[in-house]
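First comes the structure, then the notes that go with it.
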Amino acid sequence: MATQKGIMNTAMVQAIGVRKQFGSTEILKGIDLTVERGSVTCLIGPSGSGKTTFLRCINHLEKVSAGRLYVDQELVGYEERNGLLHEKKEKDTARARMSAGMVFQRFNLFPHMTVLENIIEAPTRVAGRPKRDVIPEAQKLLERVGLGDRGMAYPQELSGGQQQRIAIARALAMKPKLMLFDEPTSALDPELVGEVLEVMQALAETGMTMVVVTHELGFARQVGDHVVFMDAGVVVESGSPDDVFNSPQHARTQAFLSKVL
Amino acid sequence: MATQKGIMNTAMVQAIGVRKQFGSTEILKGIDLTVERGSVTCLIGPSGSGKTTFLRCINHLEKVSAGRLYVDQELVGYEERNGLLHEKKEKDTARARMSAGMVFQRFNLFPHMTVLENIIEAPTRVAGRPKRDVIPEAQKLLERVGLGDRGMAYPQELSGGQQQRIAIARALAMKPKLMLFDEPTSALDPELVGEVLEVMQALAETGMTMVVVTHELGFARQVGDHVVFMDAGVVVESGSPDDVFNSPQHARTQAFLSKVL
Amino acid sequence: ATSSATDVPPVAVDSAAVKLLPPGIASSGVLRVAIPTNEPPTQYYEDGTQTMTGINPDIARLIGATLGLKVEIDVANFDSIIPGMAAGRYDMTVSSMTPTTERMQVLDFVDYLQIGSSLAVAQNNPLALKVTTLCGHKVGLLTGSYQLTENIPTYDAACVSAGQPTIETSEFQDTRQAISALTSGRIDAVFADSPIVSYAALQNPSIAVADTIDVTPVAAGVTKNPQLVTAVSAALASLITSDAYRQVLNKYGLGDGAITDARVNFAQG
Amino acid sequence: MTFVNRSVETDALTSSQSDPVVPLRHPVRLAIAIVLVIVAAGVAWDVAMNRGYRWDVVAQYVFAPRIISGAALTVGLTIVAMAIGIVFGTILAIMRLSANPIFRVIAGAYVWFFRGTPVLVQLIFWYNIAALYPVIVLGLPFGGPGIVIGSANVLIAPITAALLGLSLNEAAYMAEIIRSGIGAVDRGQYDAARALGMNGRLLMSRIVLPQAMRVVIPPTGNEIISMLKGTSLVSVLAISDLLYSAQIIYAANYQIIPLLIVASLWYLAMTSVLSFFQGKLERRYGRGFDVRTSRSRRWPLRKAS
Amino acid sequence: MTFVNRSVETDALTSSQSDPVVPLRHPVRLAIAIVLVIVAAGVAWDVAMNRGYRWDVVAQYVFAPRIISGAALTVGLTIVAMAIGIVFGTILAIMRLSANPIFRVIAGAYVWFFRGTPVLVQLIFWYNIAALYPVIVLGLPFGGPGIVIGSANVLIAPITAALLGLSLNEAAYMAEIIRSGIGAVDRGQYDAARALGMNGRLLMSRIVLPQAMRVVIPPTGNEIISMLKGTSLVSVLAISDLLYSAQIIYAANYQIIPLLIVASLWYLAMTSVLSFFQGKLERRYGRGFDVRTSRSRRWPLRKAS
Ligand SMILES: Nc1ncnc2c1ncn2[C@@H]1O[C@H](COP(=O)(O)OP(=O)(O)OP(=O)(O)O)[C@@H](O)[C@H]1O
Ligand SMILES: Nc1ncnc2c1ncn2[C@@H]1O[C@H](COP(=O)(O)OP(=O)(O)OP(=O)(O)O)[C@@H](O)[C@H]1O
Ligand SMILES: [Mg+2]
Ligand SMILES: [Mg+2]
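Protein chains in written order, with our numbering: chain A, 109 to 369; chain B, 109 to 369; chain C, 8 to 276; chain D, 4 to 308; chain E, 4 to 308.
Structure below.
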């Protein structure tokens, strides 16, 4: 699904030796990873392996401690001027975040706003676009996730699956170039998982670049172009879903897959 | 696994036309169900079908609105004297609850107490047993669930799977005749599910009567003696795991199973 | 009879006293006087208005008239009068202060009236109290009052030497609270400035004045400014000989309180 | 043994068990309740009948112009001082939670100082600040040169001093309340907002503060009620709020208890109006939050229903 | 373009990006901070030097016996009144959450009444109750027969009236605080405790109240601080608390500002001690609760770390 291949800087996400420490504990221990434009990359791995942390780095929610991380050709957290790395201003970081949409495990919809208000909040307040343009778009997004009639509801009135679909619509409303999903179905009742995965699959088919942390191996197999297995802050193994699931090379990958399947 | 069969009152749980309404909405619409002593009954069904409500009725946490529910030969919520049903005193209900142990989806450990304090709280305070007897027992229970060394930890310091195992140990500390599980693994990361199911399986093998609400069909198939499919407050179908999973009779059961599998 | 409280009888301007005024006050033509908050009858709001009336505001107005100044009355709680004078917010206060050496470190004083101390008791004086028979009784007093700091220690000493128990004092922030403690039977007597006690007895049939003693001068307090205190004392010296002074005293039933000598910084006790 | 299988009546607030059911009796609870009701009725009867309360005097003064203007002043002071206190308290709360240690220390010191000193002292201080600083000078500290702005006595009228004292003090309390409210907002809300490109002021005003409201409203209600009553402290500056107006009247007529009742009636009326709006606001900001939480609050004498 | 792949130093509080990194400068923030520090230092310098504060008089009175005994009385009143207020407030909170409507109404009316009337009025009421009820009679209401217990003045000493007034009033505020604390305890905790056979008093005292503590402590700290200062109201009953002791002294010598400073220093000392213990208690009862919650409170000027 990758649309265009240059040397390395055509990639949507490019991580080179990315490290991240909190205090004195190192969570990411040198991650190298390339996410091609238009591809779906699935991140799997045991709890605490650093998947969420890495995703947050991509979205500028955390600043990398070492190594370089490029998202859409832009260095995350720093600016390079005269060969020096300058820390970015919070304002610029916030702007940079708009290029990626993020969907969280626990939805994190704004509980004090209706579904429609949730969706139009960022386009109107952050991007400063007029409401009359944004509302019809939001309505279309709602229909796309199958919830065209729930715009006036409050998040709390919806099921988990519906909330997660709204969260996807909210992220899409900012027209991101990249979508990040952090275990988007793991807080859902098993029967609600399907509806969210369906929306994600439809999104992948539009050519959206996606990075998905997930334990839904079925989804990874069916929709993913690339599967990355992380453990203890490093990428242990990566490749096509077939390769990783059917013939894992590392013992750690094998052990993990035997538990999850 | 049923040890002894009388007419109907040797059953551990006997529900006859059990109805439950909250305000004017009826949640349970006449449940008939028998749980034999020593058997493992798995309750499955879509969200909102009343599984949790029924489990709470069994444990006297809710009072049935109509029909009769016997647990270990005792009528739930009422006492029969001179042919009249007398509402039970809260004190007697509390005592009755001790015959069943309950494990919740979200663990509900007491966050302000250590693991050991969680376990000995009810035996010492409710049953009034001396600490010197209870502590060694608690230690044995901890070892049984594979956490012999975590007695001094606070629940928050443990992983979800460990917390759920502690919750099981806590319920067992009251030496219940019956264990009720309400989706004990659905709040867990997939790789932690196994360790809890293992503990439950070991418990089933000791001959404990268990009622388990679960979406883990693998567990139901392997450990369950009996599977009950509920929908919209009624029992739609019940039987051996093989019957229900492999040749479901009702369209609703079929539709549900196709989603969950 | 319709005269408003701000009307005081006319007095002549004392041009000699005017010459003594500090230049700041002379040029502004205004004398800013702090009057304590409501305490009938010495100072109180005229019924239904925001105008202060009573012996203290009237004396202040007379002093101002003698000095040819416009008087600006500022009502303030006692707690904020003295800091306010130090801050230059007010030039003078007329608030029935008893001059003591301790207080003279902060203010200068010029006598303007003499008042006594009265003992209020329950109607018919069931305990037959006099100021000299208070030993062992419960007496309410105003915080920091002359009666509390000067009279009571003397009486206590007498009680001790007579082998009797000392007086049980309660200090109130407000004479009214002491009076209501007396009416509810919590204390046996209230010992306070005679005008206030007489006024309370008038209002309240269940109490009576049992004894009045110790008629001593009270003084106007002036900010520490040698020019101002001489001007005010000169004004008072001529004022106390005027008819207006007597008329004002009589209006509030305090005709006996007239003084003949406006002494400066003459400490009592 | 018979088992009931009939259909169930739908009026379900009471148990609709179809057998004849004997509801549980709570003899002790009933007895306590009866005693309490009798005591309450007795107190009410006594209060109405006891001539010591002088209800005639109460009726005479309850709408006296002086009382009404005192009540108006109390309401006015409360509104202005609370408004300033809330705005300034919010800024302080944000400073205390800031990453900048200097801001944290300054806000912390402010809260410590203003919560730690009596309002009375603060009021007297502001009123008499001229004793310490006869002219207000905008200039360099340590005795450096400066521009004279004006005399403190001219600048700080009693009512200004009252507002300064009350609102600066209130800001310290509100800072603590708002800080705890901000702390109660789920971390995920920050992440979600920042992931959408929100930041700083926008994140605070659109996402965090509206959600903090839910936690902030009840203690703020307490604060407003305290402030309504606390304005009586300004009587040291000879400003006549409600209570002081009553005191002025009873100073002249010695009808202490009836006039205190008059003041209390007004305070009760104000508090009731406030509680009404507080309830509305709580519902308004509780909207969209877990209904189950509110269900869980009726405890512990409730029967397993 | 060079990519760093070297191993990372472990002293990691600062970014350990191995390229030379230019940290972000915050010129505006820095400027504000510098200005604030200078102003604070200037104020401190001025306060120390300004002769208007009369530090000599402050030093003379700060340990005066009258001040010390006033401070002791303030502390004593606060401890007793808060203790009664907390216990009674807990009972009221439980009553307000009860299923029994009579309990709910009575507790609600109590809170409404006592929050709605000024403490001053309540104090004066209790103190002067003898004017209304010269003898206290335990008996039937509506004028029924009763047993005379004794004279109100004997039974209700000024200090008793002070304690009655302060603690009954405090109970109303504490009831609201504890009610909100109980409401914050997760519903699942009730279920878990009841499933283990716990009930009523045991459930409350072992499970619900200890967890409510976390939410209850900060506003209770506010209440204690308010009470420390609020005890000065008892001066209407001729009881000399700390502030009133200072007032008695300056009534005699007119050194008002220095004596108010003396009182403020004591209040600040008490508040500081209290805040210290409050912090300890908060940590104690915060133990076992989500650490992430506390991590989320440092906002919003923090950099993405
Ligand atoms: N802000 C932080 N400060 C300190 N440690 C943190 C922080 N965020 C995460 N960690 C730690 O980093 C490690 C990796 O966390 P991360 O959430 O990235 O793992 P994960 O792979 O997403 O796991 P999971 O499957 O449980 O979500 C964990 O041990 C976690 O405790
Ligand atoms: N206390 C209550 N008051 C009112 N309605 C309730 C109450 N408890 C549960 N319900 C309603 O009863 C229905 C059944 O709830 P229940 O929790 O028993 O379903 P469930 O089968 O356990 O579903 P899930 O799989 O989502 O846990 C739901 O619609 C729920 O909203
Ligand atoms: Mg994660
Ligand atoms: Mg359920």
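For each residue, glycine too, the CB sits at the ideal point set by N, CA and C. Source: prediction; values computed, not measured.
query = Does DSSP put K196(B) in a helix, in a strand, or in coil?
reply = In the structure shown, K196(B) adopts coil according to DSSP, grouped into three states.
ask   = Nearest to R127(A) by CA position, among L136(A), M120(A), A119(A) and S207(A), is which residue?
value = With distances taken between Cα atoms, R127(A) lies closest to L136(A).
message = Can you tell me where the alpha helix (DSSP H) holding R99(E) begins and where it ends?
response = P68 to R99
Any chain C beta carbon closer than 7 Å to A241(E) = yes
ask   = Can L255(B) and R278(B) be called in contact, C-beta distance under 7 Å?
value = no
request  = Quick one: which unbroken beta strand (DSSP E) runs of 3-plus residues sit fully inside the region 264-334 of chain A? Chain order, please.
outcome  = 286-290 and 317-321
Same chain, Cβ closer than 8 Å to L296(B), neighbours up to 5 away in sequence not counted = The answer, listed in chain order, is G268, G269, Q272 and V304.
request  = Counting only the same chain and skipping the five closest in sequence on each side, list residues whose C-beta sits under 8 Å from that of K7(C).
outcome  = One cannot answer for residue 7(C) here, as it falls past the ends of chain C, which runs 8 to 276.
query = If you check the beta carbons only, do L300(B) and L280(B) fall under 7 Å apart?
reply = no
request  = With a floor of 4 residues, list each alpha helix (DSSP H) that falls wholly inside the region 146-230 of chain A, ordered by position along the chain.
outcome  = 159-166 and 198-205
ask   = Can you check whether the CB of S22(C) is closer than 7 Å to the CB of I259(D)?
value = No; because the gap between Cβ atoms is not below 7 Å, this pair is not in contact.
key: Boundaries of the beta strand (DSSP E) in which Y176(E) is found, first to last residue   = That residue, Y176(E), is in no beta strand (DSSP E); its alpha helix (DSSP H) goes P161 to G186.
key: Nearest-angstrom Cβ-Cβ length linking L167(D) and W115(D), presumed shorter than 8 Å   = Not really, about 19 Å apart at Cβ, beyond 8 Å.
For Y253(E), the nearest candidate out of G186(E), A266(E) and P104(E) (CA to CA) = A266(E)
query = If you measure from the beta carbon of Y270(E) to each beta carbon in chain C, is any gap under 7 Å?
reply = Y270(E) does not count as touching chain C.
query = Using a threshold of 6 Å, is the CB atom of T293(B) nearer than that to any non-hydrogen atom of ligand 4?
reply = no
query = When a residue counts only if its C-beta is closer than 5 Å to some heavy atom of ligand 1, which residues count, in chain order?
reply = F130(A), I135(A), S155(A), G156(A), S157(A), G158(A), K159(A), T160(A) and T161(A)
Under 7 Å between C-beta atoms of I220(D) and L284(D) = yes
query = Taking the continuous beta strand (DSSP E) assigned at L38(C), which residues delimit it?
reply = V37 to P43
query = How many angstroms separate the CA atom of S152(C) from the CA atom of A255(E)?
reply = 7 Å
request  = Select from D268(C), G260(C) and Q275(C) the residue whose C-alpha is nearest the C-alpha of T49(C).
outcome  = G260(C)
query = I think D148(B) touches A312(B), with their Cβ atoms under 8 Å apart; what is that distance to the nearest whole Å?
reply = Per the sequence shown, the amino acid found at residue 148(B) is Val instead of Asp. Their Cβ separation, rounded to whole angstroms, is 5 Å, which keeps V148(B) and A312(B) in contact under 8 Å.
task = Measure the alpha-carbon distance for Q247(B) versus N202(E) and round it to whole angstroms.
result = 25 Å
request  = Please compile the residues from chain D whose C-beta is within a distance smaller than 9 Å of the C-beta of G228(C).
outcome  = The premise fails here: G228(C) is roughly 15 Å from chain D at the closest Cβ pair, so nothing lies under 9 Å.
query = Is there contact here, the region 196-205 of chain C with the region 123-134 of chain C, by at least three beta-carbon pairs under 8 Å?
reply = yes
key: Run of the alpha helix (DSSP H) containing M216(D), from where it starts to where it stops   = L212 to G233
ask   = Can you name the residues of chain C whose CB is closer than 8 Å to the CB of N256(D)?
value = Q210
inquiry  = For G111(D), would you say it is in contact with chain E, using Cβ-to-Cβ distances shorter than 7 Å as the test?
reply    = no
task = Inspect the CB distances between the region 173-187 of chain D and the region 206-225 of chain D and report whether three or more fall short of 8 Å.
result = yes
Local conformation of S103(C) per DSSP, three classes = strand
query = Closer than 9 Å, Cβ to any Cβ of chain A: which residues of the region 194-205 of chain D, in chain order?
reply = If you check each beta-carbon in the region 194-205 of chain D against every beta-carbon of chain A, the ones closer than 9 Å belong to D194, A195, A196, R197, A198, L199, G200, M201, N202, G203 and L205.
message = For P160(C) and A135(C), what's the separation of their Cα atoms in angstroms?
response = Within the model, the alpha-carbon separation for P160(C) versus A135(C) is close to 21 Å.
request  = State the Cα-Cα distance for the pair G185(B) and E245(A), rounded to the nearest angstrom.
outcome  = 55 Å
task = State the DSSP-derived secondary structure class of I139(B), mapped to helix, strand or coil.
result = strand
task = Kindly indicate the opening and closing residues of the beta strand (DSSP E) around A102(E).
result = Premise fails: A102(E) is in no beta strand (DSSP E) and is neither H nor E.
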